[in-house]
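J.:
There are 2 protein chains.
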Amino acid sequence: MHSISEENYIKAIYHLQGGKALVSTNEIAGRMNTKASSVTDMLKKLADKNLAEYVPYKGARLTDKGVLCANQIIRKHRLWEVFLVEKLDFSWDEVHEVAEQLEHIQSQKLIDQIDKHLGFPKKDPHGDPIPDRHGNYEKTNKTVLSKLKKGDKGTLIGLIDSSKNFLKYLDKQHMKLGTHIEIVDFEEFDLSYTIKVNGAELQISKLISDNLYIKLN
Amino acid sequence: MHSISEENYIKAIYHLQGGKALVSTNEIAGRMNTKASSVTDMLKKLADKNLAEYVPYKGARLTDKGVLCANQIIRKHRLWEVFLVEKLDFSWDEVHEVAEQLEHIQSQKLIDQIDKHLGFPKKDPHGDPIPDRHGNYEKTNKTVLSKLKKGDKGTLIGLIDSSKNFLKYLDKQHMKLGTHIEIVDFEEFDLSYTIKVNGAELQISKLISDNLYIKLN
DNA sequence: CTAAATTTTTAGACAAGACTAAAAATTAAT
DNA sequence: ATTAATTTTTAGTCTTGTCTAAAAATTTAG
Ligand SMILES: [Mn+2]
Ligand SMILES: [Mn+2]
Ligand SMILES: [Mn+2]
Ligand SMILES: [Mn+2]
Chain P
1 MHSISEENYI
11 KAIYHLQGGK
21 ALVSTNEIAG
31 RMNTKASSVT
41 DMLKKLADKN
51 LAEYVPYKGA
61 RLTDKGVLCA
71 NQIIRKHRLW
81 EVFLVEKLDF
91 SWDEVHEVAE
101 QLEHIQSQKL
111 IDQIDKHLGF
121 PKKDPHGDPI
131 PDRHGNYEKT
141 NKTVLSKLKK
151 GDKGTLIGLI
161 DSSKNFLKYL
171 DKQHMKLGTH
181 IEIVDFEEFD
191 LSYTIKVNGA
201 ELQISKLISD
211 NLYIKLN
Chain R
1 MHSISEENYI
11 KAIYHLQGGK
21 ALVSTNEIAG
31 RMNTKASSVT
41 DMLKKLADKN
51 LAEYVPYKGA
61 RLTDKGVLCA
71 NQIIRKHRLW
81 EVFLVEKLDF
91 SWDEVHEVAE
101 QLEHIQSQKL
111 IDQIDKHLGF
121 PKKDPHGDPI
131 PDRHGNYEKT
141 NKTVLSKLKK
151 GDKGTLIGLI
161 DSSKNFLKYL
171 DKQHMKLGTH
181 IEIVDFEEFD
191 LSYTIKVNGA
201 ELQISKLISD
211 NLYIKLN
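Protein chains in written order, with this note's numbering: chain P, 1 to 217; chain R, 1 to 217.
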């Protein structure tokens, strides 16, 4: 149906979109490690296929068709990540690269069977929601740790940055999804936190606190 | 390492090679549904990469490096086929197309873990051997059914043609790998056989008998 | 052994996707 | 409101892999 390149652009636009009206050419180029001129070419192609609206010099936004397509790719990506962790003993910092390849395999039956085989998981190994066949997914109430105050308690349920280095940092601190966390102290000067994790106290920088999603008790 | 296109050419040459010294341009083009001119271009590229020897106007043969590469692709293809049948309830006539895509996924860990997950199978769903990481595989003693004489008995252990239509024919006749078969009669006129399968007698044409591998008792 | 048929290669073109350099449009700064 | 800086697009090139048509080599037939 769509080339791997087209799928990667669709995914990039989807992830950059957020609340924004239009995603700029440069933002897309930055995320995809390509040049702006390549993006312009592709945006025209996606617009021709009715996958994106393209406003020259302003940027692009996915159409409903494009959003559905993005959700199907993300569904595949996240289901494969669960598969790799649950069935093949991959760690959560190893799955992304392989899922980047597997997400482009074309077979409706394959992905539906993987879903069933895994027991219809709702979250991937990084806490991100898995869309269903129609692009719908559960929205969970969650708060970024850096919004919490002394005394707040909760559970780690997701990450903003899921880069390999961050995942390895979390492993080193024995923090994983489901880990209970309590805010012991907050330092105004550098915006760092002291938190209690697994019964021990831990200092985390602002950067760390900005990338952890907590579900409050 | 190698592009998907290169991998597909390598696989085609490998399968056409057999005992032959050289595989011709046209044979490759025929198997891959491309034109001879495209094959010529690719053979030069494979020769440059030391994956094949190319003798202009004569044909090509894989180098040791090319053979190893072919075996690794075939290993992946067949392991994925086993996975689809054993873990995801695919039937043996549905797996090939999906495996054609999955065989190009690049991840040593992925394929080794799949292998382990499946219990290191030695045969794929069509009875074909699965090479190990080094390209070695078990050779089984087997006879084409059309070589058998009245009274011979054995077990169906492999297929020459594994096309969807042939697999569906076998399903219809309740024949699968491991099915016991006995030669009841042979008709000289049209070279057809009467065989006993699952306690019942069945007429099979020469074409059928030419595509079944039997292990004699 | 020569002529015809077949196979293979070459030459030139095209599509997808990427890049560089230059031009045009937009945005920011005086 | 101009000018300067930034962003985006256009124009032209490259690579990979494909194709058609024509030329060259090989094989088959008479
Ligand atoms: Mn991922
Ligand atoms: Mn993920
Ligand atoms: Mn197959
Ligand atoms: Mn097979």
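Note that beta-carbon positions come from the ideal geometry of N, C-alpha and C, so glycine has one too.
Specify the secondary structure class of R:His174 as computed by DSSP and reduced to three states.
T.: The residue you call residue 174 of chain R lines up with position 174 of the second sequence. R:His174 falls in the coil class under three-state DSSP.
J.: Look at R:Gly30 and R:Ala52 and say whether their C-beta atoms are less than 8 Å apart.
T.: To locate residue 30 of chain R, count along the second sequence from 1; it is residue 30. To locate residue 52 of chain R, count along the second sequence from 1; it is residue 52. Not in contact: R:Gly30 and R:Ala52 (Cβ atoms no closer than 8 Å).
J.: Measure the C-alpha to C-alpha separation of R:Pro129 and R:Asp161 and round it to an integer number of angstroms.
T.: Along the second sequence, read from residue 1 onward, the residue named residue 129 of chain R stands at position 129. Along the second sequence, read from residue 1 onward, the residue named residue 161 of chain R stands at position 161. Approximately 15 Å between the Cα atoms of the pair.
J.: Nearest to R:Leu191 by alpha carbon, out of R:Gly154, R:Lys149, R:Glu201, R:His174?
T.: Counted from its first residue, the second sequence places residue 191 of chain R at position 191. Cα-wise, what sits closest to R:Leu191 is R:Lys149.
J.: Taking contact to mean 3 or more Cβ pairs, one atom from each stretch, closer than 8 Å, check whether the region 30–46 of chain P and the region 83–95 of chain P are in contact.
T.: Judged by Cβ distances under 8 Å, the region 30–46 of chain P makes no contact with the region 83–95 of chain P, as fewer than three pairs qualify.
J.: Under 8 Å between the Cβ atoms of P:Leu145 and P:Ser209?
T.: Taking the first residue of the first sequence as position 1, residue 145 of chain P is located at position 145. Taking the first residue of the first sequence as position 1, residue 209 of chain P is located at position 209. Cβ distance < 8 Å, so P:Leu145 and P:Ser209 count as in contact.
J.: What residues from chain R crowd round P:Gln113, counting only those whose CB sits closer than 9 Å?
T.: The residue you call residue 113 of chain P lines up with position 113 of the first sequence. Near P:Gln113 (Cβ distances below 9 Å), the residues of chain R are Leu84, Lys87, Leu88, Asp89, Phe90.
J.: So for P:Ile181, helix, strand or coil by DSSP?
T.: Against the first sequence, residue 181 of chain P aligns to sequence position 181. Three-state DSSP puts P:Ile181 in a strand.
J.: Is there a Cβ of chain R sitting closer than 8 Å to that of P:Leu79, yes or no?
T.: Reading the first sequence from its first residue, position 79 is the one you call residue 79 of chain P. With 8 Å as the cut-off, P:Leu79 does not count as an interface residue toward chain R.
J.: Write down the C-beta distance between P:Gly178 and P:Leu156 rounded to the nearest angstrom, noting that I regard them as a contact closer than 8 Å.
T.: In the first sequence, counting from the first residue as 1, residue 178 of chain P sits at position 178. In the first sequence, counting from the first residue as 1, residue 156 of chain P sits at position 156. Confirmed, Cβ separation roughly 7 Å.
J.: Between R:Arg78 and ligand 4, is the CB less than 7 Å from at least one heavy atom?
T.: Translated into the one-based positions of the second sequence, residue 78 of chain R becomes position 78. For ligand 4, at least one heavy atom lies less than 7 Å from the Cβ of R:Arg78.
J.: Which residues in the same chain as R:Gly59 place their Cβ atom closer than 6 Å to its Cβ, once the five residues preceding and following it in sequence are excluded?
T.: In the second sequence, counting from the first residue as 1, residue 59 of chain R sits at position 59. Leu22, Val23, Ser24.
J.: Using only the alpha-carbon positions, how far apart do P:Tyr54 and P:Ala12 sit?
T.: One-based indexing of the first sequence puts residue 54 of chain P at position 54. One-based indexing of the first sequence puts residue 12 of chain P at position 12. Taking the straight line joining both Cα atoms gives about 15 Å.
J.: Pairing CB atoms from the region 67–75 of chain R with CB atoms from the region 91–108 of chain P, are three or more of them under 8 Å?
T.: At 8 Å Cβ cutoff, the stretches do not touch.
J.: Reducing DSSP to helix, strand and coil, say where R:Ser37 ends up.
T.: On the second sequence, residue 37 of chain R is found 37 positions in, with the first residue counted as 1. Looking at R:Ser37 - three-state DSSP - the assignment turns out to be helix.
J.: Between which two residues does the alpha helix (DSSP H) harbouring R:Gln106 extend?
T.: Numbered from 1 along the second sequence, position 106 holds the residue referred to as residue 106 of chain R. Counting along the chain, R:Gln106 falls outside any alpha helix (DSSP H), and DSSP gives it neither H nor E.
J.: Examine ligand 6 and report whether any of its heavy atoms sits within less than 7 Å of the Cβ of P:Ala12.
T.: This structure lacks ligand 6; the ligands present are ligand 1, ligand 2, ligand 3 and ligand 4.
J.: Out of R:Leu167, R:His77, R:Glu182, R:His174, which one is the CA nearest neighbour of R:Asp132?
T.: By 1-based counting over the second sequence, the position of residue 132 of chain R is 132. Cα-wise, what sits closest to R:Asp132 is R:His77.
J.: Exposed or buried, P:Pro4, counting other C-beta atoms within 10 Å across all chains shown (16 or more means buried)?
T.: Here the question's residue 4 of chain P lines up with position 4 in the first sequence. The residue asked about is misnamed: residue 4 of chain P is Ile in this sequence, not Pro. Looking at its Cβ environment, which holds fewer than 16 other Cβ atoms inside 10 Å, P:Ile4 is exposed.
J.: Sort out for me which residues DSSP pairs R:Pro121 with in a bridge.
T.: One-based indexing of the second sequence puts residue 121 of chain R at position 121. Beta-bridge pairing links R:Pro121 to no other residue.
J.: One question on the structure: do R:Asp124 and R:Val82 come within less than 8 Å of each other, judged by their Cβ atoms?
T.: The residue given as residue 124 of chain R occupies position 124 in the second sequence. The residue given as residue 82 of chain R occupies position 82 in the second sequence. Contact flag set, yes.
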